[in-house]
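Residue numbers (this note's numbering), protein chains in the order written: chain A, 754 to 1053; chain B, 754 to 1053. Where a beta carbon is used, it is the ideal one built from N, C-alpha and C, also for glycine. Source: prediction; values computed, not measured.
The following block contains the structure:
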């Protein structure tokens, strides 16, 4: 793929029925976007699809995916451990190459308006596309979830969507559409099943409690493996790189007398993020991305 | 660039006259090869050019570069701290993508034969292209250098080139042409000017004295920076990865009470080598190269 490239990583409120998820993915693919990955979680009852392409193809694919999800998902009977507001819950557009955040904001606005106009599903704009400061953070927009927001929106003007009125869609709720930077989902698994230690480490590294900038973190238990995990989102890996996050977690774990079992990246990671880790670990004095054979070859 | 791709990294015995080096690089470029890098060292009096392309273009480019070097360089008046046997001293071909070592051996044989036939410069085949076990190692082929070999070849049949007879070229000596794996040149700088410590570390990490496999190492002094350096070649970075080499050097340095000032990669490094470092440092459990955004995009 050459030319301008953006990514879309919608989260749909269906993680148990492979047929429904497959139909949504098929709708996305039908618009010519390249589907890079897909994960479904039955406990969360939620699926994440990653696709990329030219901004126009990605916009059309996102719309088709949302439309299919609105057809297939009924939030009145949906249950899962992950909070959600809509059938197509979150639809972020991410600049990848030769595309700016402004380009992604424009796509988010266009798709937000169209979802409301053609599907009757209200839309909140979030992150870089937010029109009000209290809608930048996803957590703030989603507070109360489907069941809470559909009541509150009727009486509280502050909760009225950016596209749509004082009424959510009866089965599909509302969608949260926006533009954001590439996000790296990075989990560190601890050599303990004590989830309180994972929570304590999460508190010490996350930005919201005075830890590392651009890091969201929570402690969870991986019941199937008997391991506690520090589950993180790195929302600006250039500013707070992977190795700094890993080192902070490992140091805090050591302080609490717990070892590291390993780590995992969920979804995709930009090449630059891994180059940063190598550069830091080897203490390279002269590293430039042009020193990487394949990067250099791409210039020809 | 798409399709079969090989690289050539010839070493020429001229590192002081930019005009001569420029003319050699121009000859290489004229055959349609992509010149990826070039470094000249006045103390070594030697230049390294890195270029890549389709095997046929790279073969033609290598021949033109050798021909130009044979025209321009007179070894009778050449002096430098680096050992050398020929004007075009070493010409290795390296498989990069959709090309095998066998492909590179064939190119080496073809160019070796042509350099002798058209330029009258004898050729030794080395590394994977060697026809005798005592010519696998570059050091063995070059032992005695230009001045020594031109005498010895007349009386010792074991030194007679693979292409050519018992006489070196009067001004261009002989060329050592072969095929090898990608080599990573990796130097670790020590926080000391005591070169004996660098030499001791080099001895402890290099394969030839029982250290890490596929590592060549020597201790040198960076006079201009007042730092001792462990200067290494990693001839099989998949088997002995960068992070293992760095860790071994750092541990030995710590044992000797010396810190690490930093490290440097000379020339190019394959993407996979950096991914390995990141994977090891972060202790990633689930890493696949397909998780790298750009790698994934290339599949579309």
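Output yes if chain A places a C-beta closer than 8 Å to the C-beta of residue i; else output no.
i	result
residue 944(B)	no
residue 1023(B)	yes
residue 884(B)	no
residue 861(B)	no
residue 1018(B)	yes
residue 1045(B)	yes
residue 990(B)	no
residue 980(B)	no
residue 1028(B)	yes
residue 995(B)	yes
residue 1040(B)	yes
For chain B, check one thing: does any of its Cβ atoms lie closer than 8 Å to the Cβ of residue i?
i	result
residue 759(A)	no
residue 1049(A)	yes
residue 807(A)	no
residue 1031(A)	yes
residue 985(A)	no
residue 854(A)	no
residue 891(A)	no
residue 1053(A)	yes
residue 938(A)	no
residue 971(A)	no
residue 934(A)	no
residue 1036(A)	yes
residue 967(A)	no
residue 804(A)	no
residue 916(A)	no
Since residue i and residue j are thought to touch, with beta carbons under 8 Å apart, how far apart are those beta carbons, to the nearest angstrom?
i	j	result
residue 952(A)	residue 931(A)	About 28 Å separates the two Cβ atoms, so there is no contact after all.
residue 948(B)	residue 1002(B)	About 15 Å; that fails the 8 Å criterion.
residue 800(A)	residue 774(A)	5 Å
residue 998(A)	residue 965(A)	6 Å
residue 876(B)	residue 922(B)	Contact flag wrong, Cβ pair sits at about 10 Å.
residue 1058(A)	residue 1046(B)	No statement about residue 1058(A) is possible, as the shown extent of chain A runs from 754 to 1053 and does not include it.
residue 1093(A)	residue 761(A)	Because chain A in this structure spans residues 754 to 1053, residue 1093(A) falls outside the shown range and cannot be described.
residue 1035(A)	residue 1028(B)	No, residue 1035(A) and residue 1028(B) are not in contact; Cβ-Cβ is about 13 Å, not under 8 Å.
residue 842(B)	residue 765(B)	7 Å
residue 928(B)	residue 980(B)	Their Cβ separation, rounded to whole angstroms, is 34 Å, which puts residue 928(B) and residue 980(B) out of contact at 8 Å.
residue 833(A)	residue 768(A)	7 Å
residue 849(B)	residue 759(B)	6 Å
residue 1050(A)	residue 805(B)	6 Å
residue 967(A)	residue 960(A)	6 Å
residue 1005(A)	residue 933(A)	Wrong, their Cβ atoms sit about 27 Å apart, outside the cutoff.
According to DSSP, which residues form a beta bridge with residue i?
i	result
residue 1016(B)	1037(A), 941(B)
residue 932(B)	846(B), 880(B)
residue 1029(A)	In DSSP, residue 1029(A) forms no bridge with anything.
residue 980(A)	975(A)
residue 927(A)	Beta-bridge pairing links residue 927(A) to no other residue.
residue 761(B)	804(B), 846(B)
residue 987(A)	937(A), 968(A)
residue 792(A)	801(A)
residue 922(A)	926(A)
residue 839(B)	926(B)
residue 916(B)	876(B)
residue 1022(A)	1045(B)
residue 787(B)	805(B)
Are the C-beta of residue i and some C-beta of chain D separated by less than 8 Å?
i	result
residue 897(A)	In the structure shown, chain D does not exist; the protein chains are A and B.
- Item | Interface positions of the stretch 999-1016 of chain B facing chain A (Cβ-Cβ less than 7 Å), listed along the chain | 999, 1013, 1015, 1016: these are the residues of the stretch 999-1016 of chain B whose beta carbon lies less than 7 Å from some beta carbon of chain A, given in chain order.
- Message: Any contact between the stretch 897-907 of chain B and the stretch 836-852 of chain B? By contact I mean 3 or more CB pairs, one from each, below 8 Å.
- Response: The stretch 897-907 of chain B vs the stretch 836-852 of chain B: in contact.
- Query: Counting pairs of Cβ atoms below 8 Å between the stretch 860-875 of chain A and the stretch 775-789 of chain A, do you hit three or more?
  - Reply: Fewer than three beta-carbon pairs drawn from the stretch 860-875 of chain A and the stretch 775-789 of chain A are found closer than 8 Å, and the two stretches are therefore not classed as touching.
- Between the stretch 1012-1032 of chain A and the stretch 810-818 of chain B, are three or more C-beta pairs nearer than 8 Å? No: the two stretches stay apart, fewer than three of their Cβ pairs being nearer than 8 Å.
- Query: In chain order, what residues of the stretch 766-796 of chain A put their CB closer than 8 Å to some CB of chain B?
  - Reply: Answer in chain order: 787, 789, 790.
- Message: Pairs of beta-carbons, one from the stretch 911-918 of chain A and one from the stretch 979-988 of chain A, closer than 8 Å: are there three or more?
- Response: These segments do not touch.
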